[in-house]
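Under full-length UniProt numbering, the first residue of the sequence shown carries the number 1, and numbering increases by one thereafter. Even for Gly, the Cβ is constructed at its ideal location relative to N, Cα and C.
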Amino acid sequence: MADPPGCCSTCATCLLCPYSCQWITAKKEKRKGLRTTKYDCSWFLFLFCVFLFTLVWLYFAIIILNDFHNFNEFIFRQKKLWLDWSLVLLIATAVLISYSSVLLVLALCLQLCGQPLKLHWVHKVLLILTALVVAAAFTGLGIKWAEEWKSAWISLQATGPFLHIGAVGGMTLLAWPLASFIYRTRSTGLRVFVLLVYCAAMIALYLAPLGITSPCIMEENQLPPKPALVGHRGAPMLAPENTLMSLHKAVDCDVQVFETDVMVSADGVPFLMHDEELTRTTNVQAVFPERAALNSTAFNWTDLQQLDAGSWFLERRPFPTVQSLSPSDRQEAAEQRIPSLEQALEAAKHSNLSIMFDLRPENHSDYQNFVNVTLGVILQSGIPLQQVLWLPDGFREDVKQQAPGVQHVYGRKRVENEKEPVLHVNLPYQDMSSEEIRQYRRDNISVNLYVVNQPWLFSVLWCSGVSSVTTNACQVLKEMEHPIWLLPSSTYFMIWIVVDCVSFLIIIWAFVLMKKCSHRRRPAGECARNGSFPPSEPGFASGTLPDRV
Numbered sequence: 001m002a003d004p005p006g007c008c009s010t011c012a013t014c015l016l017c018p019y020s021c022q023w024i025t026a027k028k029e030k031r032k033g034l035r036t037t038k039y040d041c042s043w044f045l046f047l048f049c050v051f052l053f054t055l056v057w058l059y060f061a062i063i064i065l066n067d068f069h070n071f072n073e074f075i076f077r078q079k080k081l082w083l084d085w086s087l088v089l090l091i092a093t094a095v096l097i098s099y100s101s102v103l104l105v106l107a108l109c110l111q112l113c114g115q116p117l118k119l120h121w122v123h124k125v126l127l128i129l130t131a132l133v134v135a136a137a138f139t140g141l142g143i144k145w146a147e148e149w150k151s152a153w154i155s156l157q158a159t160g161p162f163l164h165i166g167a168v169g170g171m172t173l174l175a176w177p178l179a180s181f182i183y184r185t186r187s188t189g190l191r192v193f194v195l196l197v198y199c200a201a202m203i204a205l206y207l208a209p210l211g212i213t214s215p216c217i218m219e220e221n222q223l224p225p226k227p228a229l230v231g232h233r234g235a236p237m238l239a240p241e242n243t244l245m246s247l248h249k250a251v252d253c254d255v256q257v258f259e260t261d262v263m264v265s266a267d268g269v270p271f272l273m274h275d276e277e278l279t280r281t282t283n284v285q286a287v288f289p290e291r292a293a294l295n296s297t298a299f300n301w302t303d304l305q306q307l308d309a310g311s312w313f314l315e316r317r318p319f320p321t322v323q324s325l326s327p328s329d330r331q332e333a334a335e336q337r338i339p340s341l342e343q344a345l346e347a348a349k350h351s352n353l354s355i356m357f358d359l360r361p362e363n364h365s366d367y368q369n370f371v372n373v374t375l376g377v378i379l380q381s382g383i384p385l386q387q388v389l390w391l392p393d394g395f396r397e398d399v400k401q402q403a404p405g406v407q408h409v410y411g412r413k414r415v416e417n418e419k420e421p422v423l424h425v426n427l428p429y430q431d432m433s434s435e436e437i438r439q440y441r442r443d444n445i446s447v448n449l450y451v452v453n454q455p456w457l458f459s460v461l462w463c464s465g466v467s468s469v470t471t472n473a474c475q476v477l478k479e480m481e482h483p484i485w486l487l488p489s490s491t492y493f494m495i496w497i498v499v500d501c502v503s504f505l506i507i508i509w510a511f512v513l514m515k516k517c518s519h520r521r522r523p524a525g526e527c528a529r530n531g532s533f534p535p536s537e538p539g540f541a542s543g544t545l546p547d548r549v
């Protein structure tokens with residue numbers, strides 16, 4: 001018996017074992033008459049679809065890492081359990097994509113070696129479970145975190161050109177097993193159908209750059225200035241959020257604005273706090289266990305000063321960067337307390353740092369008093385009013401009258417027939433397209449987008465011309481002196497043409513090479529008689545190997 005060209009009997013046996021979960025030698029295979037049936041082909045197609053499905057989910061998992069800290073906070077507020085769920089997501093995704101990838105590679109190698117694709121029932125069950133898990137993940141994403149679909153769309157502006165090259169490369173490599181299948185099967189209809197589908201897919205990929213747009217496809221001299229950095233609650237990767245240490249770390253990162261959240265205590269002292277409850281960022285459960293579930297505004301300032309606002313940062317490690325803190329930084333973090341707005345304004349004034357804040361909770365019955373008290377502290381602090389960026393919408397007209405120098409930032413897009421021109425907007429990065437950012441820039445409207453942590457996203461917004469971004473990762477974005485990539489349109493066009501031409505030539509070569517191999521594989525007598533292939537059931541490959549002539 002002759003082995004398939006380029007595949008020894010031992011290799012074929014080793015490939016069959018993990019795929020079919022059976023140790024079948026070449027002789028036993030022939031004796032049993034194992035062949036790839038249409039049923040086996042359908043399972044291979046399902047395997048290929050599951051692989052693509054998990055590959056798309058892997059892409060989504062990487063993209064949503066930019067916003068995953070919000071998900072961790074959401075789970076804590078619901079379950080009072082802190083865990084970096086991004087690790088769980090990445091590990092689970094890696095397992096799923098690795099499993100489907102290994103099976104697909106085994107199947108393609110078996111096809112090239114002329115072995116039957118007898119997928120074991122255990123693999124079939126696991127593939128169905130994989131598809132269900134990924135489908136459930138996509139469904140949950142669509143229901144609970146729908147804005148991430150917009151994030152994925154934005155990500156294509158950063159990855160589109162490279163995804164195109166990767167897709168062309170992957171489909172080009174698929175030409176070898178595809179050519180092997182076409183030259184092995186006797187079903188003309190099936191051959192024509194598979195070849196047409198493959199050709200249609202390749203033509204679509206070759207022309208895909210016509211629909212790929214990215215703000216980073218531009219000339220170097222057209223690149224807008226680097227966006228300013230706004231520290232989201234300070235520098236929360238380097239210090240406990242909304243503390244004076246976080247403010248000082250943000251200054252070290254060259255941020256221009258300290259973004260924070262303000263609440264007012266029961267005795268009228270504005271202080272920095274994001275959550276309506278104190279449980280996530282303080283030790284209130286240990287100090288005031290019977291009052292831990294109360295709103296932050298139910299505590300007076302004396303009570304708030306007793307709370308530790310830093311140890312949680314070292315214990316829960318909300319970001320991986322906590323592990324790399326120096327001993328002195330760890331000591332300083334452990335000593336942090338809840339700062340008052342007065343303390344934060346004093347620190348910002350000395351650092352020449354602007355401060356932007358939300359006033360919470362907006363639905364409080366005494367919210368107007370909160371506005372007046374907060375405004376009073378600002379006016380008494382002596383900070384230049386142009387360094388104060390006012391975000392709250394409630395009673396904004398009163399603020400304009402009492403403190404006309406304060407800069408007003410709106411959490412919405414501009415509308416027609418505005419009474420007063422909107423000069424500053426603060427929006428989620430998903431809510432503004434590149435075209436809108438450019439238009440606002442032309443109209444001298446400052447655009448700040450939040451929360452931007454990943455360099456790829458920062459690069460896209462930089463190329464789009466955004467004025468500033470709110471970030472948790474100021475220490476990372478500070479070091480970026482250039483977008484991750486920037487290509488002139490002529491260079492990208494050249495890359496596109498070269499990639500497509502090389503791919504086309506490789507595909508032609510693969511089909512020619514596999515045709516020659518298929519001729520060598522035929523029995524000499526049969527080839528001499530009619531030049532046809534040995535009979536085999538329509539499918540990927542006959543498992544019966546021809547005898548040596």
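Note down, in chain order, each residue of its chain lying with its Cβ closer than 7 angstroms to the Cβ of residue i, except the 5 sequence neighbours on either side.
i: residue 198; result: 178
i: residue 266; result: 297, 298, 299 and 300
i: residue 182; result: 191, 194 and 195
i: residue 537; result: Bear in mind that a pLDDT of 41 at residue 537, under 50, signals an unreliable position, so the model cannot answer this.
i: residue 484; result: 455, 456 and 459
Under 6 angstroms Cβ to Cβ from residue i, same chain only, skipping five residues before and after it: list those, please.
i: residue 308; result: 283
i: residue 336; result: 240, 243, 245, 309 and 310
i: residue 411; result: 426
i: residue 341; result: 262, 270 and 377
i: residue 438; result: 465
i: residue 168; result: 205, 499 and 503
Taking a contact to mean a Cβ-Cβ separation below 8 angstroms, would you say residue i touches residue j in this structure?
i: residue 160; j: residue 203; result: no
i: residue 578; j: residue 321; result: This structure cannot settle anything about residue 578, because the visible part of the chain is limited to 1 through 549.
i: residue 371; j: residue 409; result: no
i: residue 104; j: residue 51; result: yes
i: residue 164; j: residue 208; result: yes
i: residue 259; j: residue 491; result: no
i: residue 385; j: residue 405; result: yes
i: residue 303; j: residue 288; result: yes
i: residue 389; j: residue 429; result: no
i: residue 331; j: residue 65; result: no
i: residue 71; j: residue 57; result: no
i: residue 107; j: residue 47; result: yes
i: residue 152; j: residue 63; result: yes
i: residue 348; j: residue 402; result: no
i: residue 214; j: residue 157; result: yes
Buried or exposed: where does residue i fall if 16 or more other Cβ atoms within 10 Å of its Cβ makes it buried?
i: residue 81; result: exposed
i: residue 29; result: Unreliable placement is indicated for residue 29, whose pLDDT of 48 sits below 50; the coordinate value is still reported in the next sentence. So residue 29 counts as buried.
i: residue 350; result: exposed
i: residue 74; result: exposed
i: residue 236; result: buried
i: residue 227; result: buried
i: residue 393; result: exposed
i: residue 217; result: buried
i: residue 102; result: exposed
i: residue 232; result: buried
i: residue 440; result: buried
i: residue 18; result: exposed
i: residue 39; result: exposed
i: residue 366; result: exposed
i: residue 512; result: exposed
Classify residue i as helix, strand or coil using the three-state DSSP reduction.
i: residue 487; result: strand
i: residue 86; result: helix
i: residue 327; result: helix
i: residue 65; result: helix
i: residue 448; result: strand
i: residue 407; result: strand
i: residue 75; result: helix
i: residue 266; result: coil
i: residue 228; result: strand
i: residue 259; result: strand
i: residue 139; result: helix
Return yes when at least one heavy atom of the ligand MN lies under 7 angstroms from the C-beta of residue i, else no.
i: residue 41; result: With respect to small molecules bound, the structure shown includes none, and the ligand MN cannot be examined in it.
Cutting at 8 angstroms between CB atoms, please list the residues of its own chain near residue i, excluding the five before and the five after it.
i: residue 498; result: none
i: residue 256; result: 228, 229, 230, 353, 354 and 468
i: residue 312; result: 240, 280, 281, 282 and 283
i: residue 374; result: 262, 264, 270, 341 and 359
Spell out a yes or no on whether the segment 238-247 and the segment 177-197 are touching, meaning 3 or more CB-CB pairs, one atom from each, closer than 8 angstroms. no
Could you say if the segment 33-47 and the segment 105-117 meet the contact criterion of at least three C-beta pairs nearer than 8 angstroms? yes
Should the segment 212-226 be called in touch with the segment 474-486, which here means at least 3 C-beta pairs below 8 angstroms? yes
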